[in-house]
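Take a look at the structure below.
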Amino acid sequence: MEMIGAMFEGTVEILRLDWSKRKLSKEGLIMLTVWSAVIVALIVYMVIPK
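The sequence shown runs 1 to 50 under the UniProt record's numbering.
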């Protein structure tokens with residue numbers, strides 16, 4: 001979980017840098033998509049009862 005947090009912070013930094021340039025780079029867009037998928041998957045995993 002710690003590693004995920006660290007990776008997320010790094011992603012946020014990259015996105016913030018991209019955002020300050022007023023356009024998202026392809027890498028930033030891919031990372032954003034990947035993170036959205038990961039977060040949705042985690043939420044679904046936690047919501048669905050075992």
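Ideal Cβ placement from N, Cα and C applies to all residues, glycine included.
Note that the coordinates shown come from a computational prediction; the quantities given were computed from them, not determined experimentally.
So, with DSSP's three-state summary, where would you put residue i?
i, result
"I48", "coil"
"S25", "coil"
Could you say which of the options lies nearest to residue i if we only look at CA atoms?
i, options, result
"I4", "Y45, L15, W35", "W35"
What residues in its chain sit with their C-beta under 8 Å from that of residue i, if we drop five residues either side in the sequence?
i, result
"T11", "M31, L32, W35"
From the beta carbon of residue i, is the nearest beta carbon of chain D less than 8 Å away?
i, result
"M7", "Included in the structure is just one protein chain, with no chain D present."
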